[in-house]
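Undergrad: Residue numbers for the sequence shown follow my numbering, beginning at 511 and rising by one. Think of the CB as a built atom: it goes at the ideal place given N, C-alpha and C, for glycine as much as any other residue.
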Amino acid sequence: MGMVTIIVVAVGLAMDAFAISIVSGSTYEQLKVKHAFRMALFFGGFQAFMPLVGSLAGLGLRAHIAGYDHWVAFALLSAVGGKMIYESFKIKSNRRGVDMSSILLLLVLSVATSIDALAVGFTLSLVGVSIALAVTIIGVVTFVLSYLGVFIGKRYGHFFEGKIEAFGGFVLFALGVKILLQHTLF
């Protein structure tokens, strides 16, 4: 898996956080840079940490599933991508008055949006990717997109959120197909 593929995975994983950042940005009456930075830090940090945990779990199982690891990678990425596409149709508006900069709320949202990254980290360990490089890229991409998402949300509201998450799901599904085809046909 090359650098471009890792970046594509990072963008796909960041779409949940990006969509929530857009929704969150639309709820602020007076948006401050510290709000966007805090949200981006939480989302980027958790999106980097969870694949690391998933990768460590995958390394322990790698020798046992080496013969069919491409099927496991395909199944996990397809499941995560399908879930994201499905959930993109269920996004609901956030009511004003909810404090989107609350540490507790950011913690819950960060964990919720990074669960998918746990499965992707497991998959990355199966295909032999440098996990340090991958989690760094995933964290930075998520940080940047989340930071920008808050300001996009403040300006454009809820117009993009469902489309963004569906795109992320499609990207992860397509990567699962790519891994499967590479291992079975080439």
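Rounded to whole angstroms, how far is the Cβ of V582 from the Cβ of V681, which I believe are closer than 8 Å?
TA: Counting from 1 along the sequence shown, the entry for residue 582 is found at position 72. Counting from 1 along the sequence shown, the entry for residue 681 is found at position 171. The Cβ separation is near 19 Å, so there is no contact.
Undergrad: What residues in its chain sit with their C-beta under 7 Å from that of F492, if we drop five residues either side in the sequence?
TA: Past the boundaries of the shown model lies residue 492; the chain is included only from 511 to 696, so the question cannot be answered.
Undergrad: Would you tell me roughly how many angstroms separate the C-alpha atoms of A585 and G663, rounded to the nearest one?
TA: As a first step, residue 585 must be located in the sequence shown, where it is residue number 75. As a first step, residue 663 must be located in the sequence shown, where it is residue number 153. Taking the straight line joining both Cα atoms gives about 33 Å.
Undergrad: Would the beta-carbon of A629 fall within 8 Å of that of V590?
TA: By one-based count along the sequence shown, residue 629 stands at place 119. By one-based count along the sequence shown, residue 590 stands at place 80. Contact: yes.
Undergrad: Given that a residue counts as buried once 16 or more other Cβ atoms are within 10 Å of its Cβ, and exposed if not, what is Q557?
TA: Taking the sequence shown and counting its residues from 1, one reaches residue 557 at position 47. So Q557 ends up on the buried side.
Undergrad: Can you tell me the Cα-Cα spacing of K542 and L571, whole angstroms?
TA: By one-based count along the sequence shown, residue 542 stands at place 32. By one-based count along the sequence shown, residue 571 stands at place 61. Each residue's Cα considered, the two are about 45 Å apart.
Undergrad: Taking the alpha carbon of T646 as the reference point, which residue from G535, F677, M594 and A627 has its own alpha carbon closest?
TA: Your numbering for residue 646 matches position 136 in the sequence shown. Measuring from the Cα of T646, the nearest candidate turns out to be A627.
Undergrad: Among G577, V637, M549 and F547, whose alpha-carbon lies nearest the alpha-carbon of G512?
TA: Along the sequence shown, one-based indexing puts residue 512 at 2. The option with the nearest alpha carbon to G512 is V637.
Undergrad: Give a yes or no on whether the C-beta atoms belonging to G631 and G568 are separated by under 8 Å.
TA: Within the sequence shown, residue 631 is the residue found at index 121, counting from 1. Within the sequence shown, residue 568 is the residue found at index 58, counting from 1. Yes, Cβ-Cβ distance for G631 and G568 is below 8 Å.
Undergrad: Along the chain, which unbroken stretches of the alpha helix (DSSP H) at least 4 residues long are found entirely within the segment 559-631?
TA: You should have 579-598.
Undergrad: Judging by CA-CA distance, which residue of T633, G592 and K688 is the nearest neighbour of I575?
TA: Numbered from its first residue, the sequence shown carries residue 575 at position 65. Closest option to I575, Cα to Cα, is T633.
Undergrad: Assign R606 to one of two classes, buried (16 or more other C-beta atoms within 10 Å of its C-beta) or exposed (fewer than that).
TA: Translated into positions along the sequence shown, residue 606 becomes position 96. The pLDDT assigned to R606 is 48, lower than 50, so where the model puts this residue is not dependable, and the model offers no usable value.
Undergrad: Is F683 buried or exposed, if buried means 16 or more other CB atoms sit within 10 Å of its CB?
TA: Residue numbering aside, residue 683 sits at position 173 when the sequence shown is read from its first letter. Answer is buried; the Cβ neighbour count reaches 16.
Undergrad: Rounded to the nearest angstrom, what separates G679 and V514 at their Cα positions?
TA: To locate residue 679, count along the sequence shown from 1; it is residue 169. To locate residue 514, count along the sequence shown from 1; it is residue 4. G679 and V514: Cα-Cα distance of roughly 17 Å.
Undergrad: My output table needs one value for Q540: the three-state DSSP class, helix, strand or coil.
TA: Working through the sequence shown from its first residue, we reach residue 540 at position 30. In the structure shown, Q540 sits in coil (DSSP, three-state: anything other than H, G, I, E or B).
Undergrad: Report buried or exposed for G686, applying the criterion of at least 16 other Cβ atoms within 10 angstroms of its Cβ.
TA: Within the sequence shown, residue 686 is the residue found at index 176, counting from 1. By the neighbour-count rule (16 or more Cβ atoms within 10 Å), G686 is buried.
Undergrad: Taking the beta carbon of A644 as the centre, do at least 16 other beta carbons fall within 10 Å, making it buried, or is it exposed?
TA: Translated into the one-based positions of the sequence shown, residue 644 becomes position 134. It is buried - the Cβ of A644 has at least 16 other Cβ atoms within 10 Å.
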